[in-house]
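Engineer: Sharing a structure with you now.
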Amino acid sequence: MMRFSFQLREAFLNLRISKLRSILAVLGILVGTASVVAMVSGGELATRQVLAQFRSLGTNLLAMQLFDQQGQADTSASQTKLSYQQAMAVQQTNPEISAVAPYVNLYAPVSYDGHTIQASVIGATRDLSALVRIKLSQGRFESYLDGYEHYAVVGNNVYKNIKKYSAAEPVGHQIMLGSHVFTIVGVLKHWEPNPFIYEDINDSILLPINAATVLSKQADIGNILFRLKPGANIANVEQSIKQYFEQIMPTKQSYFRSAEELISHMKSQQNILTLFLGFVGGIALIVGGIGVMNIMLVSVTERRREIGIRKAIGAKKWDIRSLFLIEAIVLSLFGGISGVILGELTAWFIAFIKHWPFSIFLGPVLIGFFVSVIVGIFFGAYPAFKAANVDPIESLHAE
């Protein structure tokens, strides 16, 4: 123990003498460790955020899309269209379905007070707002009871675009969708996107689902969102829904997205991303390790006289080898500790920018420490071996 503590002090002393060289050796390890910790921690924070979003929405949501048998979205007017009543009747097929929200996606040029507004158009009922947490800022929601009335509710970004051209609040004013005039009856608050619905409600205009068919003869219900009762068997619900639509819409096929599937897919993608980022960070660590080895080899060459003197007064090969190996480990460990701190600060900055709750994950921190020690041992072994085999007579004679 005394020998180790002495060699450790010697290592720190030697590294302090060559400060610039030590800093250059540490940089590679620092960058490699910081990149691994930052990328893995950032990925974990993103995963937690998505999972938290799932919990807030509820894991009992189920999304369905209808496609034709060729896999293309069915927009042909010649094919049978799904009516609102048929879509709502699916709730009777399984008692585990507690709510149904069909909606229509369509395109129409949008203008307000003569100015073009970029927005998508969605025909929906108030049920959709309840299932995906759409909240009002002004006015009211559209409703199925509005029937074919030309009423519209604008998303938050659409509202902001309208305000660029008019100081007046848009509720009660008219907006052009294609060649049709709609009255704005509501404005939505900012909406947090979720994976159950592809459309961004912030950039959308919501219409009564029946009124949406006025804009386009090809408008068809191609998406339905379901809320299931707690503890529902998702596989059984999907099967009953699929059988129902096969009976009434034999030309179409259904595609489902459940919370379990989305979480599983997300975790699979996260694992792949973590492996890839770890591989990239590993390359940086290898480069940093090579830098440590090169610095240590230069140190061995410059300290040949010191090594010769140590051997002349009785130092063993193991003493020389362990001295240089400890120096390499200290360099790598210092780079690893600095890299962990920098990586966590980077992850915190990402969380701060994204407004995510931040927490430190033990896994990346431990990986950073252990990998830096391993790199120090691996890349410090050759310089330490070379130093231990320096001939004391030749080294003293050369000086």
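Taken in order, the sequence shown gives residues 0 to 398; the numbers are from numbering that gives the first Met the number 0.
Built from N, CA and C at the ideal position, the CB exists for glycine as well.
Using the three-state DSSP reduction, which class does G138 fall into: helix, strand or coil?
Structural biologist: Your numbering for residue 138 matches position 139 in the sequence shown. In this structure, G138 counts as strand in the three-state DSSP scheme.
Engineer: How far does the beta strand (DSSP E) with N235 in it extend, from its first residue to its last?
Structural biologist: As a first step, residue 235 must be located in the sequence shown, where it is residue number 236. Element bounds for N235: not the beta strand (DSSP E) but the alpha helix (DSSP H), 233–247.
Engineer: For G281, report the span of its alpha helix (DSSP H) as first-last.
Structural biologist: Working through the sequence shown from its first residue, we reach residue 281 at position 282. Note, G281: alpha helix (DSSP H), 258–301.
Engineer: Go ahead and label W317 buried or exposed: buried means 16 or more other beta carbons lie within 10 angstroms of its beta carbon, across all protein chains shown.
Structural biologist: The residue given as residue 317 occupies position 318 in the sequence shown. With fewer than 16 other Cβ atoms within 10 Å, it is exposed.
Engineer: Taking 7 Å as the cut-off, does the CB of N156 come closer than this to any heavy atom belonging to the ligand COA?
Structural biologist: In the structure on display, the ligand COA does not appear, and there are no ligands present to speak of.
Engineer: Measuring only the C-alpha atoms, how far is V213 from A350?
Structural biologist: Counting from one through the sequence shown, the residue named residue 213 turns up at place 214. Counting from one through the sequence shown, the residue named residue 350 turns up at place 351. Between V213 and A350, the C-alpha separation is close to 45 Å.
Engineer: Relative to the C-alpha of A403, which residue among I352, R303, A346 is closest?
Structural biologist: In the structure as shown, the chain begins at 0 and stops at 398. Residue 403 is therefore absent and cannot be evaluated.
Engineer: Per the contact definition of three or more C-beta pairs closer than 8 Å, is the stretch 230–239 in contact with the stretch 141–152?
Structural biologist: Flag = no, the stretch 141–152 and the stretch 230–239 do not touch.
Engineer: In angstroms with no decimal places, state the Cα-to-Cα distance between E168 and I121.
Structural biologist: By one-based count along the sequence shown, residue 168 stands at place 169. By one-based count along the sequence shown, residue 121 stands at place 122. Straight-line Cα distance between these residues: approximately 22 Å.
Engineer: I'd like the ranges of any beta strand (DSSP E) spanning at least 3 consecutive residues and lying wholly in the stretch 121–200.
Structural biologist: The stretch 121–200 contains these whole beta strand (DSSP E) runs: 135–138, 150–153, 173–176, 179–187.
Engineer: Curious, which full-length beta strand (DSSP E) runs of at least 3 residues does the stretch 203–234 contain?
Structural biologist: DSSP runs (the beta strand (DSSP E)) wholly in the stretch 203–234: 203–207, 222–227.
Engineer: Where does Y106 fall in DSSP's three states?
Structural biologist: Along the sequence shown, one-based indexing puts residue 106 at 107. The answer is coil: DSSP assigns Y106 none of H, G, I, E or B.
Engineer: Going straight from the alpha carbon of R437 to that of N156, what length do you get?
Structural biologist: Lying before the first or after the last residue shown, residue 437 is absent from the chain, which here runs from 0 to 398.
Engineer: Please return the same chain residues whose Cβ sits closer than 8 Å to the Cβ of L274, not counting the five positions on each side in sequence.
Structural biologist: Within the sequence shown, the letter at position 275 stands for residue 274. Hits under 8 Å: none found.
Engineer: CA-CA distance, A211 and N232?
Structural biologist: By 1-based counting over the sequence shown, the position of residue 211 is 212. By 1-based counting over the sequence shown, the position of residue 232 is 233. Those two C-alpha atoms are separated by around 33 Å.
Engineer: Whole angstroms are fine: how far does the CA of L23 sit from the CA of S257?
Structural biologist: Mapped onto the sequence shown, residue 257 falls at position 258. Mapped onto the sequence shown, residue 23 falls at position 24. Cα to Cα, the separation comes out at about 51 Å.
Engineer: Taking only the alpha-carbon atoms, compute the straight-line gap between P382 and G362 and give it to the nearest angstrom.
Structural biologist: On the sequence shown, position 383 is the one that residue 382 refers to. On the sequence shown, position 363 is the one that residue 362 refers to. So the alpha carbons of these two residues sit roughly 31 Å apart.
Engineer: For L44 and L176, I'd like the C-alpha separation in whole angstroms.
Structural biologist: Within the sequence shown, numbered from 1, the residue matching residue 44 stands at position 45. Within the sequence shown, numbered from 1, the residue matching residue 176 stands at position 177. About 41 Å.
Engineer: Could you tell me the boundaries of the beta strand (DSSP E) in which Q64 lies?
Structural biologist: For the purposes of this step, residue 64 is identified with residue 65 of the sequence shown, where counting begins at 1. Where Q64 is concerned, the enclosing beta strand (DSSP E) stretches over 60–67.
Engineer: Leaving out five residues before and five after L261 in sequence, what residues of the same chain have Cβ atoms less than 6 Å from its Cβ?
Structural biologist: Sequence index remark: in the sequence shown, residue 261 carries index 262 (1-based). Closer than 6 Å at the Cβ level, and outside the excluded window around L261, lie P194.
Engineer: Between which two residues does the beta strand (DSSP E) harbouring T345 extend?
Structural biologist: As a first step, residue 345 must be located in the sequence shown, where it is residue number 346. Run containing T345: none in the beta strand (DSSP E); it sits in the alpha helix (DSSP H), 316–353.
Engineer: Opposite P101 in the DSSP bridges: which residues?
Structural biologist: Position 102 of the sequence shown holds residue 101. Bridge partners of P101: I223.
Engineer: Might you give, ordered along the chain, the residues of its own chain that have their beta carbon closer than 6 Å to the beta carbon of A410, omitting 5 neighbours on each side?
Structural biologist: Residue 410 cannot be examined here, being either before or after the span of the chain that is shown, 0 to 398.
Engineer: Does the Cβ of K310 have 16 or more other Cβ atoms within 10 Å, making it buried, or fewer, making it exposed?
Structural biologist: Start at 1 with the first residue of the sequence shown, and residue 310 comes out as number 311. Buried is the call here.
Engineer: Taking the C-alpha atoms as reference points, what is the distance between Q71 and T182?
Structural biologist: As a first step, residue 71 must be located in the sequence shown, where it is residue number 72. As a first step, residue 182 must be located in the sequence shown, where it is residue number 183. At Q71 the pLDDT is 48, less than 50, meaning the model places this residue with poor confidence and gives no usable figure here.
Engineer: Just how far apart, CA to CA, sit S110 and F244?
Structural biologist: By one-based count along the sequence shown, residue 110 stands at place 111. By one-based count along the sequence shown, residue 244 stands at place 245. So the alpha carbons of these two residues sit roughly 37 Å apart.
Engineer: Taking the alpha-carbon of G335 as reference, which of S17, R20, G27, L272 has the nearest alpha-carbon?
Structural biologist: Reading the sequence shown from its first residue, position 336 is the one you call residue 335. With distances taken between Cα atoms, G335 lies closest to G27.
Engineer: Tell me whether the stretch 264–283 and the stretch 120–138 touch, counting them as touching only if at least three CB pairs, one residue from each stretch, are closer than 8 Å.
Structural biologist: Flag = no, the stretch 264–283 and the stretch 120–138 do not touch.
Engineer: Taking the beta carbon of E191 as the centre, do at least 16 other beta carbons fall within 10 Å, making it buried, or is it exposed?
Structural biologist: As a working mapping, residue 191 is identified with position 192 in the sequence shown. The residue is exposed, with fewer than 16 neighbouring Cβ atoms inside 10 Å.
Engineer: So, helix, strand or coil for I312, using DSSP?
Structural biologist: Numbered from 1 along the sequence shown, position 313 holds the residue referred to as residue 312. Looking at I312 - three-state DSSP - the assignment turns out to be coil, as it is neither helix nor strand.
Engineer: Roughly how many angstroms separate the alpha carbons of L205 and L365, rounded to a whole number?
Structural biologist: On the sequence shown, residue 205 is found 206 positions in, with the first residue counted as 1. On the sequence shown, residue 365 is found 366 positions in, with the first residue counted as 1. Looking at the two C-alpha atoms, the distance is approximately 50 Å.
Engineer: Leaving out five residues before and five after F360 in sequence, what residues of the same chain have Cβ atoms less than 6 Å from its Cβ?
Structural biologist: Translated into positions along the sequence shown, residue 360 becomes position 361. Hits under 6 Å: S40, E43.
Engineer: What residues match up with K385 in a beta bridge as DSSP calls it?
Structural biologist: In the sequence shown, the residue the question calls residue 385 occupies position 386. In the DSSP output, where bridge partners are listed per residue, K385 has none listed.
Engineer: So what does DSSP say about F357, is it helix, strand or coil?
Structural biologist: Against the sequence shown, residue 357 aligns to sequence position 358. Coil, per DSSP.
Engineer: Mind reading off the beta-carbon distance from L330 to G280? Whole number of angstroms is fine, and I expect it under 8 Å.
Structural biologist: Within the sequence shown, the letter at position 331 stands for residue 330. Within the sequence shown, the letter at position 281 stands for residue 280. Wrong, their Cβ atoms sit about 18 Å apart, outside the cutoff.
Engineer: Do you know whose CA, among A107, F378, K385, lies nearest I306's CA?
Structural biologist: For the purposes of this step, residue 306 is identified with residue 307 of the sequence shown, where counting begins at 1. It is K385.
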